[in-house]
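Contents: one structure, followed by commentary.
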């Protein structure tokens, strides 16, 4: 990983919001694809030793992704992402909730807003996560969300380097 790449992670409990800003040493089209194509998401979207597996994904407004994070012993933690807004190559928004294997959501969930921009061959991704409840946000943090984000972003760095070659 290139150590001069921007990475900020801030939790605002009063606003029930997590703000993540991460820079990648890759062009915007490649980074956009990594966030919006299941065959790429599954390669980086879970912190080791877990892995991600998308059951299905329909990346369009009103579409959704249903996926699991799978532990080494085979335990699955399911989630649903419903896409609420998409502006190609610059922004997408989604509603995220944990779920069971039968796609029944566990509410409350959270709203995610991704903003993509490129400058000098580097792509910056800004993610704002608004949680419907403080309890849910605190549960995410307790489950290792901060460390998980750091690990998955590093996974994405490695994947981007591999794909660029």
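Numbering (the working numbering), first residue to last: 49 to 213. By construction, the Cβ of each residue, glycine as well, lies at the ideal position given by its N, Cα and C atoms.
By alpha-carbon distance to residue 76, the top candidate from 173, 53 and 193 is 173.
The beta carbon of residue 170 lies closer than 8 Å to those of 53, 71, 72, 73 and 74 in the same chain, with the five residues before and after it left out.
For secondary structure counted as the beta strand (DSSP E) over 3 or more consecutive residues, the region 109-175 holds these complete runs in sequence order: 112-118, 124-135, 139-147 and 153-167. DSSP places residue 212 in the helix class (H, G or I) of the three-state scheme. In this structure residue 159 touches residue 143 by the C-beta definition: roughly 6 Å separates them, less than 8 Å. Distance from the CA atom of residue 166 to the CA atom of residue 99, rounded to whole angstroms, is 28 Å.
Assignment of residue 185 by DSSP, reduced to helix, strand and coil, places it in the helix class. Taking a C-beta distance under 7 Å as the contact criterion, residue 82 and residue 204 qualify as a contact pair.
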